[in-house]
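Novice: If you read the sequence shown in the working numbering, its first letter stands for residue 613, the second for the next number, and so on. Okay, handing you the structure first.
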Amino acid sequence: MAVPFISEVKRTHTCGQLTAANVGEEVVLFGWVHNRRDHGGAVFIDLRDREGLTQVVFEPDSKEAHETAGHLRLEYCVGIKGKVLSRGKNVNPKMKTGEIEVKASDLTIFNRSEPTPFLIEDNVETSEEKRLAHRYLDLRRGPLQKTLMTRSKMNTLARSYMAGNGFLELETPFMGKYTPGGARNFLVPSRLNPGKFYALAESPQLYKQLFMVAGFDRYFQIVKCFRDEDLRVDRQPEFTQIDVEMSFVTQDDIFTIIEGLLKKLWGEVLGIDIPTPFMRMDFYESMAKYGNDKPDLRFGLEHVVLTDLIREHGAAGGVPMMWDAVQDKGIVKAMVVPAEKALSRAESDKLEDFAKQAGAKGLARAKVGEGGEWTQSPLSKTITPALRQAINQAVNAKTGDLILFQFGRESLVHTVMANLRVHVAKKLGLIPEYGSGGQWKFLWVVNPPLFEYDEETNTWAAAHHAFTRPHDEDVQYLGTDPGRVKCHRYDVVLNGFEIGGGSIRLHDPKVQSEVFKALGIQEEEARVKFGFLLDALKFGAPPHGGIALGMDRLVMLLTGAESLRDVIPFPKTKTGTDTMTGAPGDVDEKQLRELHVRSVPLPQK
């Protein structure tokens, strides 16, 4: 008589749960056939669910189950009932359940499986494109299931921590009004309002400020956000962030809350005690030493800015290209590759190719010989001994060291040198290609500029958003020297990744007006773009500030995943497509007419 699995006979354990303590028990397991072995009588399978594997044996004395087991194939979805037996000396140390096996008395096949397009195994060699096209199968693999289970645990821990610290979990709309600033928005046409568009929220920024005006005091949300940006290893068009806003706080209060949250996540998930408070670094120090505002502090290879030194020696220093860069308001930077980590001549030459890929025209370099002489460098032919000695001293170069130089426009030099620093570190084995390598270097980057200068339009733009509070002592420069204004904005950084960013907000209407003027936004334009928030700030808005942590990046770093696609259940490809569902897809003309939208094909090239 068939056993009524599911309706009456319920699962008793998962496939990763049974141990020697369960020997002799009758158990019921559900799962998928991970592999099958026929030993000329007994049939063995490893049964898999999200918790692990259990070996199941079908002996001829259980005639019906044994006969059915002969028809099992990989990925069949089955249920079994049986008794837990000890494996004696045949323990499999690679399995959590390796001490036991289940001798099955009953077997049912819930569903058969066609041959899968790739094997469901931990280290699959199938292309990512094929795996994403069959993501529901890819997600059966152990590493991905473990990652998503970790992500689920992190969500639970975050909610528990925030609630325990007095935060309310409140929701905000996905569809709102487009407001300029930040990333490019996805636009959604409104059928009921012809010619009008919603914007998918790139963050809940304005809404969470309204929560503060409304008096909710402490808000958080684990929320989906949307940005129509070019993709990379740590960016997806839709992503998740832990969004936080607090009233009546300073920057330090926000840091304390976030450090506590990260400490809890690393402690509960990895068993690692993260030291707090985190190190703090001024934005301009970060740019000077590392070329960006998200430095990886697991290794050295710091940059040295030589601009003033070149200016001091002038054209007489013998390096015309460096002098020209300084004269043209550019900068000069250097980085030393130490002799004990020596690169071959061929490897050094390849660094120039890397620099060019990052946007540089080339890469000047010099090998330091005995007595401080430079070799393997065209610079050695013209540089004066005085400038060469001054540079060696400034970068603390020793015999055998390789000095790498970059000079020109400041933003480009920083970018090239930042990328080069990380590239060299990986090449020298100072950090792994991905993952932490067992090191966790958290820090806060603070006191950045409020504005960025747009060289194409010759105007100032908000570096973060127009509602970031400037330093009180810098307010005087809003109308005269915007580039000098620092602000209460901050990023929390881990191992070279920005994992969160936020700011103390502006709640003073007078200063807000001056910020708009510096951005070239007149009162009428400000009303059109931000009127609802400006109105709200007039009604007793409290001092407030907040931050958003990138949940996907946190999971990626904590689990050691190679990319964001490995920590998001159903990610998009590098081109923003979903090969599994075919999104984005076509719509018919009737749908477009209902939305009052016309699709115009691109001209043929």
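Virtual Cβ for every residue (Gly too), placed ideally from N, Cα, C.
Helix, strand or coil for ASP1190? Go by DSSP, reduced to three states.
Specialist: ASP1190 falls in the strand class under three-state DSSP.
Novice: Apart from the five residues on each side of it in sequence, which residues of its chain come closer than 7 Å, Cβ to Cβ, to LYS1038?
Specialist: Answer for LYS1038: GLU1045, listed in chain order.
Novice: For the candidate residues GLU924, LYS701, LEU918, whose alpha-carbon lies nearest to that of GLU1022?
Specialist: Comparing Cα-Cα distances from GLU1022 to each of GLU924, LYS701, LEU918, the minimum goes to LEU918.
Novice: State the Cα-Cα distance for the pair LEU1024 and PHE867, rounded to the nearest angstrom.
Specialist: So the alpha carbons of these two residues sit roughly 31 Å apart.
Novice: Looking at the unbroken beta strand (DSSP E) that takes in MET947, where does it start and where does it end?
Specialist: Looking at the DSSP string, the run of the beta strand (DSSP E) that includes MET947 is 943-949.
Novice: Just how far apart, CA to CA, sit GLU1137 and SER1125?
Specialist: The straight-line gap from Cα to Cα measures roughly 12 Å.
Novice: Can you list, in chain order, the residues of its chain with a C-beta nearer than 7 Å to that of SER1048? Leave out the 5 residues immediately preceding and following it.
Specialist: If we look at SER1048 and ignore the five residues flanking it on each side, its Cβ neighbours are ASN1107, LEU1169, GLY1172.
Novice: Please report the straight-line C-alpha distance between VAL1087 and VAL1097, rounded to a whole angstrom.
Specialist: Going by the C-alpha atoms only, they are around 7 Å apart.
Novice: So, do the region 1071-1083 and the region 1100-1119 have three or more beta carbon pairs nearer to each other than 8 Å?
Specialist: With the cut-off at 8 Å, the region 1071-1083 and the region 1100-1119 touch.
Novice: In the DSSP assignment, find the unbroken beta strand (DSSP E) run with LEU799 in it and report its ends.
Specialist: Run containing LEU799: 799-801, per the beta strand (DSSP E) assignment.
Novice: Determine the burial state of PRO887: buried for a count of at least 16 other Cβ atoms within 10 Å of its Cβ, exposed for fewer.
Specialist: PRO887 comes out exposed.
Novice: Please state whether DSSP places ILE1015 in a helix, a strand or coil.
Specialist: Looking at ILE1015 - three-state DSSP - the assignment turns out to be strand.
Novice: CA-CA distance, GLY776 and ILE854?
Specialist: Straight-line Cα distance between these residues: approximately 15 Å.
Novice: Within 10 Å of its beta-carbon, does HIS1076 have 16 or more other beta-carbons around it, so buried, or fewer, so exposed?
Specialist: Buried.
Novice: GLY1162 lies in the beta strand (DSSP E); which residues open and close that run?
Specialist: 1156-1162 is the extent of the beta strand (DSSP E) around GLY1162.
Novice: Provide the residue span of the beta strand (DSSP E) that contains GLN853, from first to last.
Specialist: 850-859 is the span of the beta strand (DSSP E), which, as asked, contains GLN853.
Novice: Whole angstroms are fine: how far does the CA of GLY1113 sit from the CA of LYS789?
Specialist: Their backbone Cα atoms lie some 23 Å apart in a straight line.
Novice: Under 7 Å Cβ to Cβ from PHE966, same chain only, skipping five residues before and after it: list those, please.
Specialist: Contacts found: LEU1032, HIS1035.
Novice: According to DSSP, is ILE657 part of a helix, a strand, or is it coil?
Specialist: Three-state DSSP puts ILE657 in a strand.
Novice: Please list the terminal residues of the continuous beta strand (DSSP E) segment that includes GLN988.
Specialist: Run containing GLN988: none; DSSP gives neither H nor E here.
Novice: Suppose you measure from the CA of THR784 to the CA of MET1163; what does that come to, to the nearest Å?
Specialist: Rounded to the nearest angstrom, the two C-alpha atoms are 17 Å apart.
Novice: Going straight from the alpha carbon of VAL668 to that of PHE617, what length do you get?
Specialist: About 17 Å.
Novice: Let me know if TYR819 comes out buried or exposed under the rule of 16 or more other beta-carbons within 10 Å of its beta-carbon.
Specialist: So TYR819 ends up on the buried side.
Novice: Please say whether MET947 and GLU985 have beta carbons closer to each other than 9 Å?
Specialist: No; because the gap between Cβ atoms is not below 9 Å, this pair is not in contact.
Novice: In whole angstroms, what is the alpha-carbon distance linking PRO1213 and ASP1200?
Specialist: Rounded to the nearest angstrom, the two C-alpha atoms are 14 Å apart.
Novice: Please tell me whether PHE1144 and GLU1135 are closer than 9 Å, where the distance is taken between their beta carbons.
Specialist: Not a contact, by the Cβ cut-off of 9 Å.
Novice: Count the other C-beta atoms from every protein chain shown that fall within 10 angstroms of the C-beta of THR768, then say buried if there are 16 or more, exposed otherwise.
Specialist: Result: exposed.
Novice: Rounded to the nearest angstrom, what separates GLY1091 and VAL1058 at their Cα positions?
Specialist: Distance between the alpha carbons of GLY1091 and VAL1058 is about 23 Å.
Novice: Closer than 8 Å by C-beta to ARG699: which residues in its own chain qualify, once you throw out the five before and the five after it? Chain order, please.
Specialist: The answer, listed in chain order, is GLN667, GLY710, GLU711, ILE712, GLU713.
Novice: Report the start-end ranges of each beta strand (DSSP E) in the region 666-717 that is 3 residues or longer and not cut off at the edges.
Specialist: Taking only runs of at least 3 residues, the beta strand (DSSP E) segments lying wholly in the region 666-717 are 689-698.
Novice: Please determine if the region 669-683 and the region 735-750 are in contact, where contact requires at least 3 C-beta pairs separated by less than 8 Å.
Specialist: No, because fewer than three Cβ pairs between the region 669-683 and the region 735-750 fall closer than 8 Å, the two stretches do not touch.
Novice: On a CA-only basis, which of ILE1003, GLY942, GLY930 is nearest THR994? Give me that one, please.
Specialist: The option with the nearest alpha carbon to THR994 is GLY930.
Novice: For the 8 Å Cβ check, are there 3 or more pairs between the region 719-730 and the region 687-695?
Specialist: At 8 Å Cβ cutoff, the stretches touch.
Novice: In this structure, does DSSP put ALA795 in helix, strand or coil?
Specialist: Of the three classes helix, strand and coil, the one that applies to ALA795 here is coil, per DSSP.
Novice: To which residues of the same chain is LEU1204 closer than 8 Å at the C-beta, ignoring the five residues directly before and after it?
Specialist: Excluding sequence neighbours, LEU1204 sits near ARG1210, SER1211.
Novice: Hey, how far is the Cα of THR996 from the Cα of ILE834?
Specialist: Each residue's alpha carbon lies about 59 Å from the other.
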